[in-house]
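Numbering of the sequence shown is given in the working numbering, commencing with residue 369 and proceeding in unit increments.
Reading through the structure tokens given below for one structure.
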Amino acid sequence: MPESNFMQRLDRLALFCAVLLLASYLRITGLTWGLTSGFAIYRNFHPDEFISLSGVLEVDLQKGHIRAPSAYVEGTFNYYLWALPQAALKLSSETGLTSAAFAKMEAEDHAHLLYICRWMSVLFDLCTVITVFLAIREATQNFYPSLLGALVYTVLPMQVIYAHFMRTHLLSNLLCGLVIWLCLKFRERPKWSMLLVVGLISGLAGATRFPNGIIVVIPCLYFLFHQCDHLPSGHSRLRERAEHFLTGPIWLIGLGFAFGLFLGHPMLFLVLPSVINAMKVSVFPYVTLGEFKLSNLLNLSVVWRYAFFLIPCAMYPFLWLLPYCAILYLCFRRSLYKQSFPILIFSGLYLYLMAKGYEGGIFARATMLLFPGFCILIGLAFDDLLSLLSKQRIVSGLLTSVLLLAVAASILFDVSYDHAMQQKDARFALRDELQKLIDNSPARIGILRTGGFFYTVIPAVEPLRNEKVVFWL
369 MPESNFMQRL DRLALFCAVL LLASYLRITG LTWGLTSGFA IYRNFHPDEF
419 ISLSGVLEVD LQKGHIRAPS AYVEGTFNYY LWALPQAALK LSSETGLTSA
469 AFAKMEAEDH AHLLYICRWM SVLFDLCTVI TVFLAIREAT QNFYPSLLGA
519 LVYTVLPMQV IYAHFMRTHL LSNLLCGLVI WLCLKFRERP KWSMLLVVGL
569 ISGLAGATRF PNGIIVVIPC LYFLFHQCDH LPSGHSRLRE RAEHFLTGPI
619 WLIGLGFAFG LFLGHPMLFL VLPSVINAMK VSVFPYVTLG EFKLSNLLNL
669 SVVWRYAFFL IPCAMYPFLW LLPYCAILYL CFRRSLYKQS FPILIFSGLY
719 LYLMAKGYEG GIFARATMLL FPGFCILIGL AFDDLLSLLS KQRIVSGLLT
769 SVLLLAVAAS ILFDVSYDHA MQQKDARFAL RDELQKLIDN SPARIGILRT
819 GGFFYTVIPA VEPLRNEKVV FWL
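Here it is, written out as structure tokens:
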């Protein structure tokens, strides 16, 4: 018996390591894509990486300079973390550990800083895979549902794509996953220290990206719904807990949240007018306050666009069916409400506010904060279904096969994406062809400034600009 238990643990460790290796491979392959494109507003292949680099270059930790106006539009916490390798690169240059040519090249295009920060994105997302696994394991005490949730997050196309870039969304997901895991871990006996910690992490999430501050509702909901699911006296018990919550725990969570927000974005407290001015220019034009008028509150057309277009695109091609089926199933499983309901409410609230408040509804990245919770819900639903179908092995096998087929389809997409990132980019090819065509002759290049297509094309031709070559926008 001890030997069989040891072999079982060894097999499970091997499976979990295989998931982590798959996650690493999908995120590391193609990580050097576009590194040599240069540093300028129209040169970075991913235009948002120019914003990330601009913000972190304004920070100088060695001189104690932590103001980063370019980062005020979303939050500075991740920028401070990115400033650590920046300071290390600068220190190595000043102490002569790197050559003068290396220092000059880095000062011009910041390719090494960008590469290191992309590695940080990979590390954040790998930690989220582990956190999703631990959260499901804490809720179910079973291995295979936890492995499934971690596997779904591992192959989720939007996560694989964005883990290749220097953006704040990856750290946001990690902080969200940590909050859910800690809430599940301490839900039976919540301690005051836990309330402070989850509040602190929620505050850091808000300091990473302002809309992510809504994560703070998760610990509040877990506290309120604890042991209030299927009991006859559930309503009165919930009322009692709400009264207790308002007289104590909410202040601990709020205190932790405020400290986390200050720790991650001190300029929000120290130079608030500057932060507001930066947001007026770059954020407020995309905020659609008109959607929150009383007459529009129940107009859910833009919410449906997020739910049935953007999320399916982010979980292409069939993976999105898993969380939707899990959500539908868990809505009718009252015995699981104390575990699932806080995530369900948070997901609906975030989706509603983001869809109604963010203009356009064309960026799937806005839905990424939902994915750790979605994967945890998949694990909860799968665990409950396995227990119900424990005596029906054929049905259980068919269910597992369908889930794995959906996962396999996303893996094929991820591998194809990674393969494309390793090829010569179309922008480089277009630039080379134009350079051969123009040679040293005067030329005018016309570029249609239309949406995302403009930012796709402009990095290919912008380096050609000189005295003889001009642009017509």
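Just so you know, even glycine gets a beta-carbon here, dropped at the ideal spot from N, CA and C.
None of the values given here were measured: they were computed from a predicted structure.
In three-state terms, what does DSSP make of Y726? Along the sequence shown, one-based indexing puts residue 726 at 358. Reduced to three states, the DSSP call for Y726 is strand.
By DSSP's criteria, A811 is part of a beta bridge. Which residues make up the other side? Counting from 1 along the sequence shown, the entry for residue 811 is found at position 443. Per DSSP, V837.
Between which two residues does the alpha helix (DSSP H) holding M526 run? Your numbering for residue 526 matches position 158 in the sequence shown. Counting along the chain, the alpha helix (DSSP H) containing M526 begins and ends at 525-530.
Buried or exposed for L378, please, with buried defined as at least 16 other CB atoms from any protein chain shown within 10 angstroms of its CB. Taking the sequence shown and counting its residues from 1, the one referred to as residue 378 is at position 10. L378 is exposed by the Cβ-count criterion.
Count the other C-beta atoms from every protein chain shown that fall within 10 angstroms of the C-beta of Q803, then say buried if there are 16 or more, exposed otherwise. The residue given as residue 803 occupies position 435 in the sequence shown. Q803 should be labelled exposed.
Using DSSP with H/G/I as helix, E/B as strand and the rest coil, what is V585? As a working note, residue 585 is residue 217 in the sequence shown. Helix.
Helix, strand or coil at H433 according to DSSP, with G and I counted as helix: Locating residue 433 in the sequence shown gives position 65, where the first residue counts as 1. Strand.
Would DSSP call V655 helix, strand or coil? Indexing the sequence shown from 1 puts residue 655 at position 287. The answer is strand: DSSP assigns V655 an E or B state.
Find out if the Cβ-Cβ distance for the pair A507, L543 is shorter than 8 Å. For the purposes of this step, residue 507 is taken as residue 139 along the sequence shown, with counting starting at 1. For the purposes of this step, residue 543 is taken as residue 175 along the sequence shown, with counting starting at 1. Contact flag unset, no.
Count the other CB atoms within 10 Å of the CB of F739; is the residue buried (16 or more) or exposed (fewer)? Translated into positions along the sequence shown, residue 739 becomes position 371. So F739 counts as buried.
G571, buried or exposed, once every other Cβ within 10 Å from all chains shown has been counted against 16: For this step, residue 571 is matched to residue 203 along the sequence shown. G571 should be labelled buried.
D428 (DSSP reduced to helix, strand or coil): Counting from one through the sequence shown, the residue named residue 428 turns up at place 60. Under the three-state reduction of DSSP, D428 is assigned to strand.
Verify the contact flag: C495, CB atom, against every heavy atom of the ligand ADP, threshold strictly below 7 Å. Ligands are entirely absent from the displayed structure, and the ligand ADP is therefore not among its contents.
Would you call the CB atoms of G729 and V639 closer than 8 Å? What you label residue 729 is simply residue 361 of the sequence shown in a count that begins at 1. What you label residue 639 is simply residue 271 of the sequence shown in a count that begins at 1. No, the pair does not count as a contact, with Cβ atoms beyond the cut-off.
Measuring CB to CB, does L494 end up less than 8 Å from A626? Counting from one through the sequence shown, the residue named residue 494 turns up at place 126. Counting from one through the sequence shown, the residue named residue 626 turns up at place 258. No, these two residues do not count as a Cβ contact at 8 Å.
Reduced DSSP category for I779 - H, G, I as helix; E, B as strand; rest coil: Here residue 779 refers to the residue found at position 411 when the sequence shown is read from its first residue. Looking at I779 - three-state DSSP - the assignment turns out to be helix.
If you measure between the beta carbons of I492 and G517, is that distance less than 8 Å? Translated into the one-based positions of the sequence shown, residue 492 becomes position 124. Translated into the one-based positions of the sequence shown, residue 517 becomes position 149. Reading the sequence as shown, one finds Phe at residue 492 and not Ile. Contact flag unset, no.
Which of helix, strand or coil DSSP assigns to I419: Within the sequence shown, residue 419 is the residue found at index 51, counting from 1. When DSSP states are grouped into helix, strand and coil, I419 belongs to the helix group.
Using DSSP with H/G/I as helix, E/B as strand and the rest coil, what is L516? Locating residue 516 in the sequence shown gives position 148, counting from the first residue. Here L516 sits in helix by DSSP.
What first and last residue would you give for the alpha helix (DSSP H) that runs through M736? Within the sequence shown, the letter at position 368 stands for residue 736. Run containing M736: none; DSSP gives neither H nor E here.
Excluding sequence positions up to five away, which residues of its chain have a Cβ less than 6 Å from the Cβ of G628? Indexing the sequence shown from 1 puts residue 628 at position 260. Around G628: L568, G571, L572.
Test item: CB-CB of R411 and E830 under 8 Å: Start at 1 with the first residue of the sequence shown, and residue 411 comes out as number 43. Start at 1 with the first residue of the sequence shown, and residue 830 comes out as number 462. In this structure, E830 lies closer than 8 Å to R411 by Cβ.
Could you say if the segment 693-712 and the segment 737-756 meet the contact criterion of at least three C-beta pairs nearer than 8 Å? yes
Within 10 Å of its beta-carbon, does N446 have 16 or more other beta-carbons around it, so buried, or fewer, so exposed? Here residue 446 corresponds to residue number 78 of the sequence shown, with the count starting at 1. Buried: at least 16 other Cβ atoms inside 10 Å.
Three-state class that DSSP yields for M488 in the structure shown: Numbered from 1 along the sequence shown, position 120 holds the residue referred to as residue 488. Reduced to three states, the DSSP call for M488 is helix.
Grab the span of the alpha helix (DSSP H) containing N645 for me, first residue to last. For the purposes of this step, residue 645 is taken as the residue at position 277 of the sequence shown. N645 -> alpha helix (DSSP H) spans 640-650.
Starting from D576, trace the alpha helix (DSSP H) in both directions and tell me its first and last residue. By one-based count along the sequence shown, residue 576 stands at place 208. Before going on, a small fix: residue 576 reads as Thr here, not Asp. It spans 560-576 - the alpha helix (DSSP H) in which T576 sits, taken as one unbroken run.
Decide if the segment 684-702 is in contact with the segment 773-782; the criterion is three or more beta carbon pairs, one per stretch, under 8 Å apart. yes
Rounded to the nearest angstrom, what separates D597 and P710 at their Cα positions? As a first step, residue 597 must be located in the sequence shown, where it is residue number 229. As a first step, residue 710 must be located in the sequence shown, where it is residue number 342. The predicted position of D597 is uncertain, since its pLDDT is 46 and thus under 50; a value taken from the coordinates is nonetheless stated next. In a straight line, the C-alpha of D597 is about 12 Å away from that of P710.
Excluding the 5 residues flanking K553 on each side, which residues of the same chain have their C-beta closer than 6 Å to its C-beta? For the purposes of this step, residue 553 is taken as residue 185 along the sequence shown, with counting starting at 1. E506.
Could you have a look at P453 and say whether DSSP puts it in helix, strand or coil? By 1-based counting over the sequence shown, the position of residue 453 is 85. It is helical.
Residue span of the alpha helix (DSSP H) that contains I409, given as start and end: Residue mapping note: residue 409 aligns to position 41 of the sequence shown, counting from 1. Here I409 belongs to no alpha helix (DSSP H), and DSSP marks it neither H nor E.
Report the rounded CA-to-CA distance for I826 versus S405, giving the unit in angstroms. Your numbering for residue 826 matches position 458 in the sequence shown. Your numbering for residue 405 matches position 37 in the sequence shown. Whole-angstrom Cα-Cα distance: 11 Å.
To the nearest angstrom, how far is the alpha carbon of C588 from that of S372? As a working note, residue 588 is residue 220 in the sequence shown. As a working note, residue 372 is residue 4 in the sequence shown. Rounded to the nearest angstrom, the two C-alpha atoms are 42 Å apart.
Tell me whether M534 is buried or exposed, calling it buried when 16 or more other Cβ atoms sit within 10 Å of its Cβ. Locating residue 534 in the sequence shown gives position 166, counting from the first residue. It is buried - the Cβ of M534 has at least 16 other Cβ atoms within 10 Å.
I529 to T615 span [Cα, whole Å]: The sequence position of residue 529 within the sequence shown is 161, counting from 1. The sequence position of residue 615 within the sequence shown is 247, counting from 1. Distance between the alpha carbons of I529 and T615 is about 44 Å.
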